[in-house]
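Visitor: Take this structure, written in structure tokens, and hold onto it; I'll ask about it next.
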Amino acid sequence: MKKVINESGIEVKPLYTAADVEASGGMEMVGDPGQYPFTRGIHREMYRKQPWTMRQYAGFGNPADTNQRFKYLIANGQTGLNVAFDLPTQIGLDSDDPMAEGEIGRVGMSIDTLRDFEIAFDGIDLKKITVSLTINGAAAILIAMYLAMTEKRGYDVKELRGTAQNDILKEFIGRGTWIFPVEPSIRLVGDTIEYCAKEAPKYTPVSVCGYHIRESGATPAQEIAYAFCIAKAYADDAIRRGLPVDEFAGRLSYNFNIFGNIFEQVCKFRAGRGLWAKIMKEQYGAEKPGSMWLRMIAAGGGGGLTFEQPEVNIVRGAYYALISALSGTQTMALCSYDEAYTIPTEYSARISLRTMQLLIEEMGLTETVDPLAGSFYVETMTNEMRKKMEEIMDEVDAQGGIVKMVAEGTIQAKVSSQAYGMQRKIESGEFPKVGVNCYKNEQEEDHPVEFHPYNEDDARVQIDSLKRIRAERDNQAVDAALTRLRTDAAAGRNVMPALVEAVKAYASVGEMTKELVNVFGRYQEPIRF
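For what it's worth, the working numbering labels the leading residue of the sequence shown as 16, then goes sequentially.
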């Protein structure tokens, strides 16, 4: 009989019994939902009390364009916003920067000043609809901008809920929208954690993203393990600043990926919840249950989609949503079937939204907690996945820690090599991919995919808006705020108060980034062969 090895490197047996559960570690780490170690879920009643938040990733063009898409999704039942920013914004460039040409609003919403946030969220009740900002290199600036915008609209920032991705270490590993070198980048993450713990205690300033590490070539077990190593690096920085663990740990969150084998995916999340609780309790001395929770958005991974036979991606997405629900996520985001090609249309985004709603209303996914618990296979695999994650984390520690490995490019090289290896397996047919290397259409078909057009007029509108802001604002106040930002950065002070001041004066993303670059420098990626 041919051996079956899952992506994480664990052999899958043809039959599991109670003896396998016992041999793998037993039921010690299972527990009850809402109780340590939270393997079965961080809340006692889970979806029986409240379904997952539906937070589709959206944003393109200028803020007015994105505001229309936000309102469309909310009108169709979406319960949270997940904001995409264009590449210039992600790397701290203004729209009129020559390097931004051709990229303004292309892969997300373009943001230059506080005025853009005021337009993007106009007419949206930010008490009812929480917002997640998918931003990293420029995260401190965009967090300051979001907090300033909500305060200007009359919201109590101390009661404000929301999330920023703000995971720069995974950018070095998996995406590349960095700005500053590794150490000052971690410092900026720490500044946001420290500032929000005091000024916006219900806001989540970091969402550690195993998601992008997985998309870049990591196995499911590595996805969780590397994310935990990254989260520990941020936690260590916060503790060095004098923050007690229970003052900030409850506001850390995670963004994880879903594509691949159903059971491996479900077990990775069950294993991850128990392991994170154990780490926070035993290594960090956390006492509050909320400090030990693995709060997460589990998103249908675009890396699992195919260009070939894109209609099949609708089915893939439905299974990703099923996995997410079975995994006990707090928030679900689901890729749309055309996302392997383009920015989703309203039509395709609505299909994804209806898929998540269907699981709630028709499929019984909210009726009982952790319905796969007790399965010999699931409990054995959960134990084995947890051991695999611990082994990977031990390997990272043995090599000097995640920060050192990222700075040297070691992790990047590893996952890139794995991505290449997986692509070779897909091309050879060793790893089956329906419509790609098996069940292919011999004759090419017209794909029912509408490409999202790039609108040059939107870019001109954005640049003209920035010019008006610069002409109308109090430029003396801007200069004073930027001077304070540069001074605080150089002195090692928390830069968030200076960023908030600069944002309120309508300083631009590019102007604030430039001041920080003058102090911190820019990151140069190490070359490894």
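We put the beta carbon where it would ideally sit given N, CA and C, even for glycine.
L267: which of A248, R256, E279 and D353 sits nearest, CA to CA?
Guide: Of the candidates A248, R256, E279 and D353, the one whose C-alpha sits nearest the C-alpha of L267 is A248.
Visitor: Given a threshold of 16 other Cβ atoms within 10 Å of its Cβ, counted over all protein chains shown, does M16 qualify as buried or as exposed?
Guide: When all chains shown are included, M16 counts as exposed.
Visitor: Between D101 and D35, what straight-line distance do the alpha-carbon atoms span, to the nearest angstrom?
Guide: Cα to Cα, D101 sits roughly 49 Å from D35.
Visitor: Near R365, what residues of its chain come up, given a Cβ to Cβ distance below 7 Å and the 5 sequence neighbours on each side ignored?
Guide: So the list reads N91, once near-sequence residues are dropped.
Visitor: Report the residue from E26, P66 and G40 whose alpha carbon sits nearest the alpha carbon of V384.
Guide: V384 has its Cα closest to that of P66, out of E26, P66 and G40.
Visitor: I'd like to know whether the C-beta atoms of G562 and F284 end up nearer to each other than 8 Å.
Guide: Outside the shown range of the chain (16 to 544) lies residue 562, about which nothing can therefore be said.
Visitor: Would you kindly report the start and end of the unbroken beta strand (DSSP E) that includes C224?
Guide: Counting along the chain, the beta strand (DSSP E) containing C224 begins and ends at V221 to C224.
Visitor: Tell me the DSSP bridge mates of C453?
Guide: The partner list for C453 (beta bridge, DSSP) reads V449.
Visitor: Would you be able to state if there are at least three C-beta pairs under 8 Å between the region 111 to 124 and the region 163 to 181?
Guide: The region 163 to 181, when compared against the region 111 to 124, does not touch it at the 8 Å Cβ threshold.
Visitor: If you reduce the DSSP assignment to three classes, tell me which class Y241 lands in.
Guide: Three-state result, Y241: helix.
Visitor: Just to confirm before moving on: does the CB-CB distance between R288 and I57 stay below 8 Å?
Guide: Yes. Within cutoff.
Visitor: For S110, which residues does DSSP report across the bridge?
Guide: S110 is not bridged to any residue.
Visitor: Check I329 in the structure and name its three-state DSSP category.
Guide: Of the three classes helix, strand and coil, the one that applies to I329 here is helix, per DSSP.
Visitor: Are the Cβ atoms of L593 and A253 separated by less than 8 Å?
Guide: Outside the displayed range of the chain (16 to 544) lies residue 593, so it cannot be described from this structure.
Visitor: If you count every other CB in all the chains shown that lies within 10 Å of the CB of S523, and 16 or more means buried, which is it?
Guide: Burial call: buried.
Visitor: Out of F391, F136 and E297, which one is the CA nearest neighbour of F85?
Guide: When only C-alpha atoms are compared, the closest one is F136.
Visitor: Which residue or residues does DSSP assign as beta-bridge partners of M347?
Guide: Answer is M69 and A313.
Visitor: Check this for me: beta carbons of E553 and L500, under 8 Å apart or not?
Guide: This structure leaves residue 553 out entirely; the chain is present only between 16 and 544.
Visitor: In whole angstroms, what separates the C-alpha of S431 from that of G189?
Guide: Each residue's Cα considered, the two are about 9 Å apart.
Visitor: Suppose you measure from the CA of E26 to the CA of E516; what does that come to, to the nearest Å?
Guide: Their backbone Cα atoms lie some 55 Å apart in a straight line.
Visitor: Would you mind listing the beta strand (DSSP E) stretches within the region 344 to 417 that are 3+ residues and don't spill past its ends, in chain order?
Guide: Counting only runs of 3 or more, we get 346 to 348.
Visitor: If you follow the beta strand (DSSP E) that F271 is in, where does it begin and where does it stop?
Guide: L267 to I273 is the extent of the beta strand (DSSP E) around F271.
Visitor: Is the CB-CB distance between I574 and P199 below 8 Å?
Guide: No information on residue 574 is available, as it lies outside the stretch 16 to 544 that the chain covers here.
Visitor: Shorter than 7 Å, the distance from the beta carbon of A495 to the closest heavy atom of the ligand SAH, or not?
Guide: You won't find the ligand SAH in this model; it holds no ligand whatsoever.
Visitor: Let me check one thing: in DSSP terms, what residues is S147 bridge-paired to?
Guide: According to DSSP, S147 bridges with N97 and T178.
Visitor: Which two residues bound the contiguous alpha helix (DSSP H) that contains I484?
Guide: Counting along the chain, the alpha helix (DSSP H) containing I484 begins and ends at E471 to E487.
Visitor: In angstroms with no decimal places, state the Cα-to-Cα distance between R369 and G315.
Guide: If I take the Cα positions, the gap works out to 14 Å.
Visitor: Hey, quick one: how far does the alpha helix (DSSP H) through M437 stretch, first residue to last?
Guide: Its alpha helix (DSSP H) spans residues T425 to S443.
Visitor: By alpha-carbon positions, which one of I183, R63 and Q237 ends up nearest to S23?
Guide: Answer by Cα proximity: Q237.
Visitor: Tell me whether the region 298 to 305 and the region 333 to 346 touch, counting them as touching only if at least three CB pairs, one residue from each stretch, are closer than 8 Å.
Guide: The region 298 to 305 vs the region 333 to 346: no contact.
Visitor: If you draw a straight line from the C-alpha of A388 to the C-alpha of M44, how long is it?
Guide: Each residue's alpha carbon lies about 12 Å from the other.
Visitor: CB A336 to CB L320, shorter than 8 Å?
Guide: It is not a contact, given that the beta carbons lie outside the stated cut-off.
Visitor: Taking 8 Å as the cut-off, decide whether the C-beta atoms of I89 and I126 are in contact.
Guide: Not closer than 8 Å, so no.
Visitor: In terms of residues, what are the limits of the alpha helix (DSSP H) holding D261?
Guide: That run of the alpha helix (DSSP H) goes V260 to F263.
Visitor: Please say whether I106 and D182 have beta carbons closer to each other than 8 Å?
Guide: Cβ atoms of D182 and I106: not closer than 8 Å.
Visitor: Starting from L88, trace the alpha helix (DSSP H) both ways and give me its first and last residue.
Guide: P78 to A90 is the span of the alpha helix (DSSP H), which, as asked, contains L88.
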